[in-house]
Amino acid sequence: MSNFRFGRNTPKEIDDSITNITPLNTKNSRNSIWRQFEKFCGERKYVFDGNTSTEKLAFILKDWGYNMKKVDGNDYEEAVIKTMWNVTAKQLQELYFNKFGIKFDPFVDLEFKGSRNARDAKRRNLQIQPEKRKTSSSILTLEEYNKILKIYNEDTPDGLQKMFFYVAGLELAWRGCEGVNVTIKHFKEESDNCGLPTGRIEYNCIFSKTAQGGSHKLTDSKWLATNTTDPRICPVRLYKKMLSKRGKHITTDRLFLTPNPAWREPSSVGWFKNSPVGRNEMGKWTRTAAEEIGIDIKKKKISNHSLRSTAVSQLAKAGVGEEQLIKITGHANTFSIKPYLQLDGDHHYQMIDKLRANSTAMEESNNKSTNCAPSALQCIYSELVDVLGDLNIKSTYNDLQNLKYTERCIKESLLLYPNVFVISRHLGDDVRITSRDLLPKGTHVAMYIYAVHRNPDIYPDPAKFDPDKFLPENCQNRHHLVQDHEIA
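Residue numbers for the sequence shown follow UniProt numbering, beginning at 1 and rising by one.
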């Protein structure tokens, strides 16, 4: 053991350490990224002065976006490419404004579109390689999620906070680090017009994900609702209990606080210290809990963001549309939520079972219909012989197009026994039904297909098996959407 408390490094050793930065965590250091960019430009003989045009700068960023490499010559992971390019572009923008008074925006200007495209093209190419691809946080199955909830005792400071975190994190689809910054001001108990509590708590995180950097654009509110089925995991009750445990000494408005180790002592100030839970500490919560219930965290990426992934996945399974999912996640478009729409094993089997059931239902529907009309079976067989000739010879796509009567029989079978009875749609625009009736944008509309198919105003004698309902002359007066329903 050294006899000296403090280090004995010389000024030269310190200077060498500053200059020769180890290429670890380079994506987290603006200065280190800029040094790599300078080395890149030095090899390419690029010069930065007041005479360098923005067209040339755009070309340099384009070259950098596609050709940046690690010190060992290997490619970065695709997410690192975006970070390094963005940091470099921002620093280059600041350099030219501060030093030469030249303004440009590499993130918006059309002149730099090729630079941004080169960066994105490089990322797409790297996404093909599993080892370079950014891995989204894995979803938790409902069984795993419920096991995590059973770990904690709400009658302890740590247990109460984590119980609320996991319940609210799922129901509000919190981002990985969102819980760290949540304050009690983000929650507001809802009241009706008479001032009576509704049992819901409104949550608004004030700044949306797409409004970072000082914009005061409010997000859409979300609500925590009373859980009457299982009061143990009721977010409203847990939230109110957390507030009741905040002692008078608490001055911070942050919701999640550091537990007081001496909370059981009679002289203790209370359950919590007057300090928020640290970002790094909270960042380990879900991963640690997952490991405790037996999830192999080496094979499955688990983080606090897994609650968000789980929420979106479960809502997607329940039939919530992408437009509604965007509001939950706070993203700007449907493309951004694709990583959350993960297909777990149970969902995959459910889909397969549903497809098989639909296939069986269609086959049974056709059999049921044609068995009720033996003459139709004979006509189908005759058409097959006429069109295909030798039934042992493989048919072509054009042959199938000529099976007109068979096609009408299939449509008639689905008309009588549709394998999908109800469909729903989310209106993207106002739809006027009559001069007085208007369905506003955002409305969910459900259509009972079976009732449409049995409507005598649309199909005369609807219960009778009659393939001629689908002769061209009999289809002319029917709305084209009704034709779509016939094959739903």
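Don't be surprised by glycine CBs; every beta carbon is placed ideally from N, CA and C.
- Contact check for Ile293 and Glu154: beta-carbon distance about 18 Å, past the 8 Å limit, so the pair fails to qualify.
- Distance from the Cα of Leu415 is smallest, within the candidate group Val431, Tyr381, Gly442, Ala451, for Ala451.
- Excluding residues up to 5 positions away in sequence, Gly114, Ser115, Ala118 lie with their Cβ nearer than 6 Å to the Cβ of Lys62 in the same chain.
- Here Glu77 carries a coil assignment [DSSP, helix/strand/coil].
- DSSP, read as helix, strand or coil, puts Glu190 in strand.
- In the three-state scheme derived from DSSP, where H, G and I count as helix and E and B as strand, Asn117 is classed as helix.
- Rounded to the nearest angstrom, the Cβ distance from Gly179 to Asn304 is 7 Å, consistent with a contact under 8 Å.
- Taking the Cα of Ala168 as reference, the smallest distance to any Cα among Val182, Pro157, Asp158 is reached at Val182.
- Under the DSSP assignment, Pro467 falls outside any beta strand (DSSP E); it carries neither an H nor an E label.
- With three or more CB-CB distances shorter than 8 Å, the segment 469-481 counts as touching the segment 398-416.
- In the DSSP assignment, Phe272 falls outside any alpha helix (DSSP H) and within the unbroken beta strand (DSSP E) covering 272-276.
- Secondary structure note for His305: its alpha helix (DSSP H) is the uninterrupted segment 305-317.
- Here Glu55 is exposed: its Cβ has fewer than 16 other Cβ atoms, across all protein chains shown, within 10 Å.
- Contact between Val420 and Ile449 holds, with the beta-carbon distance rounding to 6 Å and staying under 8 Å.
- Secondary structure of Leu438 (DSSP, three-state): strand.
- DSSP lists Ser424 as the beta-bridge partner residues of Ala446.
- In the DSSP assignment, Thr198 falls within the beta strand (DSSP E) that extends over 197-203.
- In this model, Ala290 and Ile423 are separated by some 38 Å (Cα to Cα).
- Cα atoms of Glu190 and Thr52: separation of roughly 58 Å, rounded to the nearest angstrom.
- Spanning the alpha carbons of Ile148 and Ser268 requires a straight line of approximately 29 Å.
- Annotation for Thr258: no alpha helix (DSSP H) segment contains it, though the beta strand (DSSP E) segment containing it runs 257-259.
- By DSSP's assignment, Lys222 forms a beta bridge with Tyr203.
- In chain order, Thr54, Glu55, Ala58, Phe104 place their CB closer than 8 Å to the CB of Glu111, counting only its own chain and leaving out the 5 sequence neighbours on each side.
- Taking the C-beta atoms as reference points, Leu257 is found nearer than 8 Å to Ser275.
- In the structure shown, Val431 falls within a strand segment according to DSSP collapsed to helix, strand and coil.
- Collapsing the DSSP output to three states places Thr228 in coil.
- With the rule of 3 Cβ pairs closer than 8 Å, the segment 453-464 does not count as touching the segment 390-404.
- Taking a 10 Å sphere around the C-beta of Tyr239, we find 16 or more other C-beta atoms and assign the residue as buried.
- Rounded to the nearest whole angstrom, the C-alpha separation of Lys248 and Lys241 is 15 Å.
- Cβ-Cβ distances below 8 Å link Gln161 to Met242, Phe256, Leu257, Pro259, Val277 in the same chain, with the five nearest sequence neighbours on each side left out; the list follows chain order.
- Here the alpha carbons of Asp461 and Asn474 stand approximately 13 Å from one another.
- The DSSP-derived three-state label of Arg254 is strand.
- The shortest CA-to-CA distance from Trp64 to any of Ala121, Pro231, Lys404 is the one to Ala121.
- Ser306 places its beta carbon less than 8 Å from that of Leu140.
- Counting along the chain, no alpha helix (DSSP H) covers Lys245, and no H or E run does either.
- Counting other Cβ atoms within 10 Å of its Cβ, Ser382 stays below 16 and is therefore classed as exposed.
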